[in-house]
Each structure stands twice: as C-alpha cells, then as structure tokens.
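In this note's numbering, the protein residues as written are 404 to 533.
Just so you know, even glycine gets a beta-carbon here, dropped at the ideal spot from N, CA and C.
Here the structure is laid out as structure tokens; the discussion comes afterwards.
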C-alpha cells in the first residue's frame, strides 16, 4: 500500500494600518482556484511571480482569500497587493507553494512548457522552501 502525506493548510493573516485583517488559506483547494480561473494555472502563476510580482501575486492572494470567502474579487486582491512590498508578495508566494509542492511536483516542472528562466526561478523557490 502506498502512503500519501497530506500537506497541512497554510494560513496567513494580513493586518493593515487601519486594523482590518484579511485571512488567506493555502492548500490544494486554493491552487485549484488558480487552475480553474486563470489560463496559466497554479504552477505557472507561482513561477510567474518572479517576472510579474504584482499581477501574479494578486492572483495568489485572490486564491488564498477565495478559499475562505467565495465572494472575494480579483480587484480586491489587486488592491491589497498594491499595498505590499515585493518581499511580502514573495513571502506569501513561498507559503502558497509550500502548501502543495512535493518532490513529484518539482519533477513535473521540468516537463512543463515554461521558459528556462521560470523553471530556474521556481526551482530556486522550491529549494528555499525545502
């Protein structure tokens, strides 16, 4: 019998200067949201943060928020992302990737139709996570 280890849900709370808090949850469901709603899918969106941190970061934040609240909009996530630094976006992306990345996922990256730059960036991100 094969044993499959399930990754735990990663939760992030963003707290803003006005005291408003937004919670993000990252797991397979949040990655499914990226796959379903964006043509490039979850892995390319995660890898694409290196090239377009605000555009792809907003999609990742959107998926984490939508995993909790179905009524959230991409526009709301874009507004939140616009108030974050690139380092904060990368931290969120790292947590999102860590919620689903396995050894098999890393191997599959090598077989995807993405640029060498994106593959290198994603592999670097994966190494940092593990």
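Practice task
Report yes if the CB atom of residue 471 is closer than 8 Å to the CB atom of residue 426, and no otherwise.
Solution key: With a cutoff of 8 Å on beta-carbon distance, residue 471 and residue 426 are scored as near each other.
Handout entry: Alpha carbon of residue 422 to alpha carbon of residue 486, nearest angstrom
Key = 14 Å
Exercise for the section: Apply the 10 Å Cβ neighbour rule to residue 521 and answer buried if 16 or more other Cβ atoms are within range, or exposed otherwise. Expected result: Under this definition residue 521 is a buried residue.
Exercise for the section: Please confirm whether residue 417 and residue 500 have their CB atoms less than 8 Å apart. Expected result: A distance of 8 Å or more separates the beta carbons of residue 417 and residue 500.
Handout entry: As assigned by DSSP and simplified to three states, the class of residue 416
Key = Correct three-state label for residue 416: strand.
Handout entry: Exposed unless 16 or more other CB atoms sit within 10 angstroms - verdict on residue 404
Key = exposed
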